[in-house]
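Chemist: From first to last, the protein sequence lines stand for chains A and B. When you line the first sequence up against my numbering, it's residues 69 to 312, in that order. When you line the second sequence up against my numbering, it's residues 99 to 560, in that order. Don't be surprised by glycine CBs; every beta carbon is placed ideally from N, CA and C. First the structure, which I've put down as structure tokens, then a few questions once you've had a look.
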Amino acid sequence: MFLSSTLRSAVSYAVRQVRSLHQTSARAGAGGIFVHRDTPDNNPETPFEFSPENMKRVEAIMNNYPEGHKAGATIPVLDVAQRQHGWLPISAMNRVAEILGIAPMRVYEVATFYTMFLRQPVGKYHIQICTTTPCMLCDSDSILEAIQSKLGVKVGETTADKLFTLTEVECLGACVNAPMVQINDSYYEDLKPSDIEQIIDELKAGRVPPPGPRSGRFSCEPAGGLTSLTEPPPGPGFGVRPDL
Amino acid sequence: MTEFSFLGELSLYGFILYFNCATAPETPKKTKFGPLADQDRIFTNLYGRHDWRLKGALQRGDWYKTKEILDKGVDWILNEIKVSGLRGRGGAGFPTGMKWSFMNKPSDGRPKYLVVNADEGEPGTCKDREIMRNDPHKLIEGCLVAGRAMGARAAYIYIRGEFYNESSNLQVTINEAYAAGLIGRNACGSGYDFDVFVMRGAGAYICGEETALIESIEGKQGKPRLKPPFPADVGVFGCPTTVANVETVAVAPTICRRGGTWFLSFGRERNSGTKLFNISGHVNNPCTVEEEMSVPLKELIERHAGGVRGGWDNLLCVIPGGSSTPLIPRHVCDTVLMDFDALIQAQTGLGTAALIVMDKSTDVIRAIARLIEFYKHESCGQCTPCREGVDWMNNMMWRFVKGDAQSAEIDMIWEISKQIEGHTICALGDGAAWPVQGLIRHFRPLMESRIADFKQKQQARA
Chain A
69 MFLSSTLRSA VSYAVRQVRS LHQTSARAGA GGIFVHRDTP DNNPETPFEF
119 SPENMKRVEA IMNNYPEGHK AGATIPVLDV AQRQHGWLPI SAMNRVAEIL
169 GIAPMRVYEV ATFYTMFLRQ PVGKYHIQIC TTTPCMLCDS DSILEAIQSK
219 LGVKVGETTA DKLFTLTEVE CLGACVNAPM VQINDSYYED LKPSDIEQII
269 DELKAGRVPP PGPRSGRFSC EPAGGLTSLT EPPPGPGFGV RPDL
Chain B
99 MTEFSFLGEL SLYGFILYFN CATAPETPKK TKFGPLADQD RIFTNLYGRH
149 DWRLKGALQR GDWYKTKEIL DKGVDWILNE IKVSGLRGRG GAGFPTGMKW
199 SFMNKPSDGR PKYLVVNADE GEPGTCKDRE IMRNDPHKLI EGCLVAGRAM
249 GARAAYIYIR GEFYNESSNL QVTINEAYAA GLIGRNACGS GYDFDVFVMR
299 GAGAYICGEE TALIESIEGK QGKPRLKPPF PADVGVFGCP TTVANVETVA
349 VAPTICRRGG TWFLSFGRER NSGTKLFNIS GHVNNPCTVE EEMSVPLKEL
399 IERHAGGVRG GWDNLLCVIP GGSSTPLIPR HVCDTVLMDF DALIQAQTGL
449 GTAALIVMDK STDVIRAIAR LIEFYKHESC GQCTPCREGV DWMNNMMWRF
499 VKGDAQSAEI DMIWEISKQI EGHTICALGD GAAWPVQGLI RHFRPLMESR
549 IADFKQKQQA RA
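Structure representation (structure tokens):
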């Protein structure tokens, strides 16, 4: 009898640890493991060099910063490297450090701090779903469930065909168009579960659906019709003070 | 948030009344606020229905007589901003005229910089996004006017990395402005040189804090600095800097053009002007709208967002200013005005004016727990009260969602939040502590009943 009650309390303790749908997820980038361990794909010898076009971009970015403060370009240049390679192996970080003339550790610090820097490979389409409170109130749970059942992956995982990676992210700044997801650089907003399934189908077929709200409205106006800015905007000089 | 004693609050209010009666001229005080007429709206392309490029912007009145404004000089511009009563639109509500005049000191050889904070990460807030993709010329002109007022050499617009399309609109706008001679060398023909750069962030809410933003521009981790020294003394690259929100900077040219007294005519005293409100959550038509300050909350929701889902009586609570402000329950929402002072009196704050509306179907404990999880993820990890305390509050809040706690732990989490608040390097600690305090202040009986239910279920199982 003693054994069975211990077993029961152990099971109920374990059950309590598992939160229903929402989990603190393993993310495909920062927030995951901070230690670098060499793998065949990700080591200091992994080939990485900026293409000539991207090198021009890097130089243009570095021109935005005054002499002696080129370290400020770390974040934008790492972003260019990530866009070129798809993710950031350690050799890319070392190359960025070399170009900017700073210690590699400074680049590692930045690459681990910011959540958009991905230190593990991701699929072709990186689906980032916002589950913060304003989106949660508008039922982002159902969108998350729709994605998980459609793709057959959990948060933090990539599909077997390496097309989709699903991550859960914090507020993306489109709260009046909740619920929404970000896929690569575009926002898909005002979603219903059927909308996100359609979007995934289109992506699988090789077409990129247009971003923006899916409910028929254009951006952030009230869906029931304009309540402000119903008149055409006034022209230059309207209301301008006479002493200018 | 300091809690005044009732007597203290009364005497403060009495002082303000006396001060008003003793010194203000006898103009009739405005008592009805909102709705705003379209001709008084500043962001005329908020919904993106018109051309956002230079041609469309010129047709809507941007860049009109900018040279004349710049020629009026630093003191004139600063005076207009001070007269207008503009308060920072990024959440803190610091008087802008005063803040920008801190840069008005003789140069000691270091260039001065204006940094525009377009890292819009506060849950609920999505107003700067609309300015940057639909009305970006207002922002660039604002950078020029504000930069002139501060004697700045250049402006850095720090935009969050997730806003890729918005930042590309902004870059196109800057290129157009350079090509038309509106910024760059001899901006607008006024003899003043001014550059504008866009810098994209890479996903960190903490970089919305001004010193963390400065650290991020310098290419380091976004960890806030201690203040003092303030950015106006030591800022980006060690030079005097002012960090201002997008909306604050973008309304500056219109204030200079139409007059500070025009802006002052909206809203109550010390809470003047117009504001972009984001209304999200359980409303029928979530939207962004520009309205007069001090508009009643109920009118704002009913007029522009189609009312609360299921009718006003279905309202449970509202978070009035983005997630860092404590929630207010239904009976406060019935009468409160949307401005800085009224919401402080209601023990909350205006913040970024991002309303998150929750109706009776909401599990409010879960909503607040998710917010604390947000703060836990976004904490930079520098100082112990935030890094440890917010993580601890997060663990406790998720147990409160299930009810798996003791009643005494409600007092414990209140105490933890009080130990975090005010004891951190930056305001993220305060921002994490206040939602918990708002929940306990107004929904303690719900938390207790959840605990009692859980205990009952446990006993029934045993």
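What's the gap between the Cα of A277(B) and the Cα of E239(B)?
Modeler: Looking at the two C-alpha atoms, the distance is approximately 14 Å.
Chemist: For the putative contact between L448(B) and G191(B), defined by C-beta atoms under 8 Å, what is the C-beta separation to the nearest angstrom?
Modeler: 6 Å
Chemist: If we call anything under 7 Å between Cβ atoms a contact, is V381(B) one with A403(B)?
Modeler: yes
Chemist: So if I threshold CB-CB distances at 7 Å, which residues from the segment 235-252 of chain A count as touching chain B?
Modeler: E238, C239, L240, G241, A242, C243, V244, A246, Q250
Chemist: Cβ of Q535(B) within 7 Å of Cβ of P418(B)?
Modeler: no
Chemist: When the Cα atoms are used, what is the spatial distance from N252(A) to N202(B)?
Modeler: As the crow flies, the alpha-carbon of N252(A) is around 43 Å from that of N202(B).
Chemist: Looking at chain A, is there any beta carbon in it that lies within less than 7 Å of the beta carbon of C385(B)?
Modeler: yes
Chemist: Which residue's Cα is closest to the Cα of F232(A): D269(A), E257(A), S208(A), N162(A)?
Modeler: Restricting attention to D269(A), E257(A), S208(A), N162(A), the CA atom closest to the CA of F232(A) is found in D269(A).
Chemist: What I want to know is whether the C-beta of G146(B) ends up closer than 6 Å to one or more non-hydrogen atoms of the ligand ATP.
Modeler: Because no ligand of any kind appears in the structure shown, any question about the ligand ATP cannot be addressed here.
Chemist: What span of residues does the alpha helix (DSSP H) with E313(B) cover, start to end?
Modeler: 308-315
Chemist: Which residues mark the beginning and the end of the beta strand (DSSP E) in which K210(B) is found?
Modeler: 210-216
Chemist: Report the CB separation of V341(B) from L311(B) in whole angstroms; it is logged as a contact under 8 Å.
Modeler: 6 Å
Chemist: If L268(B) and I255(B) are in contact, beta carbons under 8 Å, what's the gap, nearest whole angstrom?
Modeler: A Cβ-Cβ distance of about 7 Å is found for the pair L268(B) and I255(B), placing them in contact under the 8 Å criterion.
Chemist: Which residues in chain B have a C-beta closer than 8 Å to the C-beta of F118(A)? List them in chain order.
Modeler: By Cβ distance, chain B contributes nothing, its closest Cβ being about 18 Å from F118(A), past 8 Å.
Chemist: Between G487(B) and the rest of its own chain, which residues show a CB-CB distance below 6 Å, the 5 nearest in sequence each way excluded?
Modeler: I514, I518
Chemist: Mapping DSSP to helix, strand and coil, what is E236(A)?
Modeler: DSSP places E236(A) within a strand segment (E or B) once states are collapsed to three.
Chemist: So which of A465(B), E476(B), P394(B) has the shortest CA-CA distance to D439(B)?
Modeler: P394(B)
Chemist: Work out the CA separation of G159(B) and F306(A) for me, nearest whole Å.
Modeler: 7 Å
Chemist: Give the range of the alpha helix (DSSP H) segment to which A348(B) is assigned.
Modeler: 344-356
Chemist: To the nearest angstrom, report how far apart G183(B) and G189(B) are at their CA atoms.
Modeler: 16 Å
Chemist: Please work out which residues of its chain come closer than 7 Å, Cβ to Cβ, to V296(B), disregarding the five sequence neighbours upstream and downstream, and give them in chain order.
Modeler: I255, I257, S265, L268, Q269, I272
Chemist: Report the neighbours of K163(B) on chain A: residues whose CB is nearer than 9 Å to its CB, in chain order.
Modeler: P304, G305, V308, L312
Chemist: Touching or not, the segment 99-114 of chain A and the segment 127-141 of chain A, by the rule of three or more beta carbon pairs under 8 Å?
Modeler: no
Chemist: Give a yes or no on whether 7 Å exceeds the smallest Cβ distance from C241(B) to chain A.
Modeler: Output row for C241(B): interface = no.
Chemist: Which same chain residues, not among the five before or five after G405(B), have their C-beta less than 8 Å away from its C-beta?
Modeler: Here G405(B) has V381, N382, I399 as same chain residues with Cβ atoms under 8 Å from its own Cβ, once five neighbours each way along the sequence are excluded.
Chemist: Which one of W532(B), D489(B), S547(B) has the shortest CA to CA distance from S505(B)?
Modeler: Per the Cα distances, S547(B).
Chemist: For L414(B), name the three-state secondary structure that DSSP assigns.
Modeler: Of the three classes helix, strand and coil, the one that applies to L414(B) here is strand, per DSSP.
Chemist: So what does DSSP say about H402(B), is it helix, strand or coil?
Modeler: helix
Chemist: Compare the C-alpha of A228(A) against each of Q150(A), T235(A), L219(A) and name the closest.
Modeler: With distances taken between Cα atoms, A228(A) lies closest to L219(A).
Chemist: If you measure between the beta carbons of C415(B) and C243(A), is that distance less than 7 Å?
Modeler: no
Chemist: By the 7 Å beta-carbon criterion, what residues does the segment 463-484 of chain B contribute toward chain D?
Modeler: Included in the structure are the protein chains A and B, with no chain D among them.
Chemist: Counting only C-beta atoms, is G154(A) closer than 7 Å to chain B at any point?
Modeler: no
Chemist: From the DSSP output, which residues share a beta bridge with M436(B)?
Modeler: V393(B)
Chemist: Between L259(A) and P277(A), which are expected to be in contact by the criterion C-beta below 8 Å, what is the C-beta distance as a whole number of angstroms?
Modeler: With 8 Å as the limit, L259(A) and P277(A) do not qualify as a contact, their Cβ atoms being about 12 Å apart.
Chemist: Check the Cβ-Cβ distances between I315(B) and every residue of chain A, and say whether any is below 7 Å.
Modeler: For I315(B), a Cβ of chain A is located within less than 7 Å of the residue's own Cβ.
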